[in-house]
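A short worksheet on the structure shown next.
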Amino acid sequence: MARRTQPRIPLLLSIAATALFALAIAFPQLKAEAQRVRCQVYVTQARVPGNLSERGLIGFARRHRARRLRETSHEQLNERSWIANAVFAFNRPPGDLEFHALFYDVTDGPRNFIREMSVFTSDRSQRTVLHRLQLPRPTFQPNKRIEMVVTLRREELGRTRFEIQGEEVRHSGQVDFTDEQARGRN
Numbered sequence: 006m007a008r009r010t011q012p013r014i015p016l017l018l019s020i021a022a023t024a025l026f027a028l029a030i031a032f033p034q035l036k037a038e039a040q041r042v043r044c045q046v047y048v049t050q051a052r053v054p055g056n057l058s059e060r061g062l063i064g065f066a067r068r069h070r071a072r073r074l075r076e077t078s079h080e081q082l083n084e085r086s087w088i089a090n091a092v093f094a095f096n097r098p099p100g101d102l103e104f105h106a107l108f109y110d111v112t113d114g115p116r117n118f119i120r121e122m123s124v125f126t127s128d129r130s131q132r133t134v135l136h137r138l139q140l141p142r143p144t145f146q147p148n149k150r151i152e153m154v155v156t157l158r159r160e161e162l163g164r165t166r167f168e169i170q171g172e173e174v175r176h177s178g179q180v181d182f183t184d185e186q187a188r189g190r191n
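In short: position in the sequence shown from 1, add 5, done, that's the numbering used here.
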């Protein structure tokens, strides 16, 4: 006769208890990760219509995202700048009136800090922010790759990369001195 095995209920209960214990330990970390503030950053040089809703603004910024920014050309070369609009779309309200955008030059590989910009919001519960960017010379150099990182309370929330294109300063290589200047007399 075949012998019947004892039900393995105690074994199944111990496995279930272990699984529940592991889940209980991991759950606060999963919950904290789900609540983390994240930010999508869109940079555009297109003119942003004034009558857009929050969703419409994000859609517009996605469709007109600029990978390359062109500099202004109506000023002298050293007074030119790159002008654009940045749309910051948070997954939930950041809970603060100020966050920072850090600019890095990543042309040669590693990040080289260029400049920090503070962005202020009008309301702590604001999830989408439109901000005008002006990247002036000589702080920003033409034909470089830039990484813009959004931080809130020193925590990185999002980033984007773009190139800034423009005319580089050209030097002729010719020096013109008068004979008196060459002899040291003015």
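Quick reminder that beta carbons are idealized off the backbone N, C-alpha and C, glycines included.
Counting only the same chain and skipping the five closest in sequence on each side, list residues whose C-beta sits under 7 Å from that of Glu172.
Leu82, Pro147
Could you check whether the Cβ of Ile20 sits closer than 8 Å to any Cβ belonging to chain C?
Absent from the structure: chain C. Only one protein chain is present.
Integer Cβ distance of Ser86 from Gln139, believed to fall under 8 Å
5 Å
Using 10 angstroms around the beta-carbon of Glu76, count the other beta-carbons present and answer buried if the total reaches 16, otherwise exposed.
buried
Mark Asn90 as exposed unless 16 or more other C-beta atoms lie within 10 angstroms of its C-beta, in which case mark it buried.
buried
First and last residue of the uninterrupted beta strand (DSSP E) at Ala94
86-95
Just the C-alpha distance for Leu16 and Thr23, rounded to the nearest angstrom, thanks.
11 Å
In the DSSP assignment, find the unbroken beta strand (DSSP E) run with Leu82 in it and report its ends.
Element bounds for Leu82: n/a, residue is neither H nor E.
Would the beta-carbon of Glu76 be found less than 7 Å away from any heavy atom of the ligand ZN?
Ligands in the displayed structure: none, and consequently the ligand ZN is not present.
Taking the alpha carbon of Ser58 as the point to measure from, which residue in Thr49, Val92, Arg164, Pro115 has its own alpha carbon closest?
Val92
Where DSSP assigns a beta bridge to Phe118, which residues make up the other side?
Tyr109
Rounded C-beta distance between Ala125 and Leu102? I'm assuming under 8 Å.
Reading off the sequence, residue 125 comes out as Phe, not Ala. About 6 Å; that satisfies the 8 Å criterion.
Contacts around Val174, its chain only, beta-carbon distance under 7 Å, and the 5 residues preceding and following it disregarded
Leu82
In its own chain, which residues sit with a C-beta less than 6 Å from the C-beta of Asn96, not counting the 5 before and 5 after it?
Arg43
What residue range is occupied by the uninterrupted alpha helix (DSSP H) comprising Phe182?
Careful: Phe182 lies outside any alpha helix (DSSP H) and carries neither H nor E.
What number of angstroms, rounded off, separates the C-alpha of Pro141 from the C-alpha of Gln186?
35 Å
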